Amino acid sequence: MTLEKTPPASADPSPPSASSLAWARRRGSVARFWKEYRTHRAGLLGLAGLAFIALIALFAPLLVGGDVQSVTNAPGTALEKPSGEFPLGTDQFGRSLLGLLIWGARISLTVGLLAAALSVAIGTLVGVIAGHYGGWFATVVMRITDWFLVMPTLVLAIVLATVMSRSIWTVILAIGVTSWPTTARLVRAQTIAVESRPYIERARALGGGHGHIMTRHVLPNVMPLVLAQTTLGISSAILTEATLAFLGLGDPLIISWGGMLQDAREAGAVSSGHWWYLAPPGIAIAFVALAFTLCGRAIEAVLNPKLGVAR
1 MTLEKTPPAS ADPSPPSASS LAWARRRGSV ARFWKEYRTH RAGLLGLAGL AFIALIALFA
61 PLLVGGDVQS VTNAPGTALE KPSGEFPLGT DQFGRSLLGL LIWGARISLT VGLLAAALSV
121 AIGTLVGVIA GHYGGWFATV VMRITDWFLV MPTLVLAIVL ATVMSRSIWT VILAIGVTSW
181 PTTARLVRAQ TIAVESRPYI ERARALGGGH GHIMTRHVLP NVMPLVLAQT TLGISSAILT
241 EATLAFLGLG DPLIISWGGM LQDAREAGAV SSGHWWYLAP PGIAIAFVAL AFTLCGRAIE
301 AVLNPKLGVA R
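Those letters in the sequence shown? Residues 1 to 311, by full-length UniProt numbering.
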């Protein structure tokens with residue numbers, strides 16, 4: 001009598017790796033964040049507006065063509081009123097203001113995003129280092145931060161934009177290096193709060209160095225604050241860029257919303273009553289700044305429910 005051999009039981013699947021568990025937690029966090037964010041109507045409205053402007057800026061070459069900035073090949077006459085051919089009228093060179101407005105969205109959004117990213121990066125670095133090390137080093141760093149904080153940001157940006165070459169990168173640098181103190185103070189306060197938690201003491205007891213604690217424990221806990229501050233900072237950066245361009249400190253060879261306002265002022269649109277030259281770029285700047293502010297407020301409310309921001 002022969003006994004039938006039973007097939008060996010299949011081995012249990014290997015346990016998930018640490019990286020897969022980390023990615024699963026991140027996906028869960030993003031899903032919870034989006035679920036909570038959707039409850040904020042103002043945040044959704046701002047996000048929809050930003051998506052609309054971003055799509056227009058991304059597809060600007062297809063919508064208006066690359067020759068919209070050309071002065072020699074302008075399709076219309078100077079300062080035409082809005083019509084079927086030119087829905088927003090023309091500028092003093094006969095160029096379509098609608099085309100310039102669409103093309104200018106690329107520059108204004110680029111400057112706002114990059115300048116805000118530079119500002120928040122500097123502020124986060126200064127805040128985390130000052131909050132982690134403390135002592136006389138933090139005192140010196142924060143006194144320097146206070147000096148930048150009490151100085152008018154616009155005045156410092158004007159000085160930098162004046163002494164450096166006139167280009168879009170100069171504007172980004174001028175805004176970024178003058179608007180970081182607020183972020184630095186907020187991040188430093190959050191860093192001090194995180195450093196007082198028990199697991200930081202355990203990490204030190206297990207041999208964790210300064211770099212490990214700052215990058216693995218402190219930075220992930222301050223990133224929600226950094227994200228909210230970045231969103232709010234973009235609107236300020238766009239307004240500052242428009243101000244610098246309006247004062248004639250931007251690159252004259254590129255089209256931005258602030259540059260359009262400067263061109264309108266030089267063309268005498270204010271005194272001549274050419275409202276169609278002034279209103280569109282001003283409304284566009286206000287719309288984008290409001291949209292970023294709404295998104296930033298909603299992100300703050302999601303990440304810190306104690307704020308009690310209205311939905």
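Backbone N, C-alpha and C fix where the C-beta goes; we use that ideal spot for every residue, glycine too. Bear in mind the structure is a predicted one, so any value in this text is a computation, not a measurement.
Checklist entry - Among residues of its own chain, excluding the 5 on either side of glutamine 229, which ones have a beta-carbon nearer than 7 Å to its beta-carbon? => result Translated into the one-based positions of the sequence shown, residue 229 becomes position 229. Sequence-distant partners of glutamine 229 (beyond 5 residues in either direction) whose C-beta falls short of 7 Å from its own C-beta, in its chain, are Val120, Thr183, Leu186.
Item to check | Counted within 10 angstroms of its Cβ, other Cβ atoms place arginine 297 as buried (16 or more) or exposed | outcome: Locating residue 297 in the sequence shown gives position 297, where the first residue counts as 1. Around the beta-carbon of arginine 297, 16 or more other beta-carbon atoms lie within 10 Å, marking it buried.
Checklist entry - Cα separation between isoleucine 175 and alanine 237? => result Against the sequence shown, residue 175 aligns to sequence position 175. Against the sequence shown, residue 237 aligns to sequence position 237. Whole-angstrom Cα-Cα distance: 7 Å.
Next on the checklist: Which of the three DSSP states is assigned to serine 96 in this structure?
Outcome noted: As a position in the sequence shown, residue 96 is number 96, starting the count at 1. Note: serine 96 maps to strand in three-state DSSP.
Checklist entry - By Cβ distance below 7 Å, which residues in the same chain neighbour alanine 310 in space, the five residues on each side in sequence not counted? => result The residue given as residue 310 occupies position 310 in the sequence shown. Confidence at alanine 310 is low in this model, with a pLDDT of 44, below 50, so the placement of that residue should be treated as unreliable; the coordinate-derived value is given next. Within the same chain, alanine 310 has no close Cβ partners at all.
Checklist entry - How is residue 341 classed by DSSP in three states: helix, strand or coil? => result It is not possible to answer for residue 341, since the shown part of the chain is limited to 1 through 311.
Checklist entry - Hey, quick one: how far does the alpha helix (DSSP H) through glutamate 85 stretch, first residue to last? => result Looking up residue 85 in the sequence shown gives position 85. Neither: glutamate 85 is in no alpha helix (DSSP H) and is coded neither H nor E.
Item to check | Pairwise C-alpha distance: threonine 124 and valine 226 | outcome: The count along the sequence shown starts at 1 and reaches residue 226 at position 226. The count along the sequence shown starts at 1 and reaches residue 124 at position 124. Rounded to the nearest angstrom, the two C-alpha atoms are 7 Å apart.
Next on the checklist: DSSP three-state label for threonine 183, please.
Outcome noted: Along the sequence shown, one-based indexing puts residue 183 at 183. Helix at threonine 183.
Next on the checklist: Let me confirm a value: proline 87 is counted as buried when at least 16 other C-beta atoms fall within 10 Å, else exposed. Which label applies?
Outcome noted: Indexing the sequence shown from 1 puts residue 87 at position 87. Its Cβ having fewer than 16 others within 10 Å, proline 87 is exposed.
Next on the checklist: If you follow the alpha helix (DSSP H) that glutamate 201 is in, where does it begin and where does it stop?
Outcome noted: In the sequence shown, the residue the question calls residue 201 occupies position 201. Glutamate 201 -> alpha helix (DSSP H) spans 198-205.
Next on the checklist: Using DSSP's beta-bridge definition, name the partner residues of threonine 124.
Outcome noted: Taking the first residue of the sequence shown as position 1, residue 124 is located at position 124. Beta-bridge pairing links threonine 124 to no other residue.
Checklist entry - glycine 43 to phenylalanine 52, Cα distance in whole Å? => result Taking the sequence shown and counting its residues from 1, one reaches residue 43 at position 43. Taking the sequence shown and counting its residues from 1, one reaches residue 52 at position 52. Each residue's alpha carbon lies about 14 Å from the other.
Next on the checklist: What does the alpha-carbon distance come out to for the pair valine 126 and leucine 219?
Outcome noted: Taking the first residue of the sequence shown as 1, we reach residue 126 at position 126. Taking the first residue of the sequence shown as 1, we reach residue 219 at position 219. One C-alpha to the other measures close to 12 Å.
Checklist entry - Are alanine 284 and leucine 278 touching if we call contact CB-CB under 9 Å? => result Residue 284 sits at position 284 when you count from the first residue of the sequence shown. Residue 278 sits at position 278 when you count from the first residue of the sequence shown. For alanine 284 and leucine 278, no; Cβs fall outside 9 Å.
Checklist entry - Thinking C-beta only, is alanine 267 closer than 9 Å to serine 256? => result Translated into the one-based positions of the sequence shown, residue 256 becomes position 256. Translated into the one-based positions of the sequence shown, residue 267 becomes position 267. Here serine 256 is not near alanine 267, since their CB atoms are 9 Å or more apart.
Checklist entry - threonine 90 bridges to which residues according to DSSP? => result Counted from its first residue, the sequence shown places residue 90 at position 90. Per DSSP, Ser96.
Checklist entry - Do the CB positions of valine 222 and glutamine 190 come within less than 9 Å of each other? => result In the sequence shown, residue 222 corresponds to position 222, counting from 1. In the sequence shown, residue 190 corresponds to position 190, counting from 1. For valine 222 and glutamine 190, yes; Cβs fall inside 9 Å.
Checklist entry - Whose C-alpha, out of Leu118, Arg25, Ser20, Gly66, is nearest the C-alpha of proline 181? => result Position 181 of the sequence shown holds residue 181. Ranking the options by Cα distance to proline 181, first place goes to Leu118.
Checklist entry - Looking at the structure shown, is asparagine 221 part of a helix, part of a strand, or coil, going by DSSP? => result Residue 221 sits at position 221 when you count from the first residue of the sequence shown. Note: asparagine 221 maps to helix in three-state DSSP.
Checklist entry - Since isoleucine 283 is in the alpha helix (DSSP H), which residue starts that stretch and which ends it? => result Residue 283 sits at position 283 when you count from the first residue of the sequence shown. DSSP places isoleucine 283 inside the alpha helix (DSSP H), whose first and last residues are 275-303.
Checklist entry - So what does DSSP say about alanine 78, is it helix, strand or coil? => result Against the sequence shown, residue 78 aligns to sequence position 78. Residue state, collapsed to three classes: coil.
Checklist entry - How is glycine 233 classed by DSSP in three states: helix, strand or coil? => result In the sequence shown, counting from the first residue as 1, residue 233 sits at position 233. Looking at glycine 233 - three-state DSSP - the assignment turns out to be helix.
Checklist entry - Run through DSSP, which three-state label would valine 194 get? => result Counting from 1 along the sequence shown, the entry for residue 194 is found at position 194. Correct three-state label for valine 194: helix.
Item to check | For residue 338, the nearest candidate out of Leu244, Ser235, Leu100, Thr153 (CA to CA) | outcome: Residue coverage of the chain in this structure runs from 1 to 311, which leaves residue 338 outside it and unanswerable.
Item to check | Same chain, Cβ closer than 6 Å to alanine 115, five either side skipped, listed in chain order | outcome: Here residue 115 refers to the residue found at position 115 of the sequence shown. Taken in chain order, the residues that qualify are Ile172, Ile175, Gly176, Ala237.
Next on the checklist: If contacts are defined as beta-carbon pairs under 8 Å, then glycine 94 and threonine 77 qualify, I think. What distance do you get, rounded to the angstrom?
Outcome noted: If you number the sequence shown from 1, residue 94 lands on position 94. If you number the sequence shown from 1, residue 77 lands on position 77. Confirmed, about 5 Å.
Checklist entry - Excluding sequence positions up to five away, which residues of its chain have a Cβ less than 6 Å from the Cβ of arginine 188? => result Position 188 of the sequence shown, counted from the start, is the residue given in the question as residue 188. Excluding residues up to 5 positions away in sequence, Gly127, Ala130, Gly131 lie with their Cβ nearer than 6 Å to the Cβ of arginine 188 in the same chain.
Item to check | Among Val150, Gly248, Ile213, Ser235, the one whose alpha carbon lies nearest that of isoleucine 168 | outcome: Position 168 of the sequence shown holds residue 168. Looking only at Val150, Gly248, Ile213, Ser235, the smallest Cα-Cα distance to isoleucine 168 is reached by Gly248.
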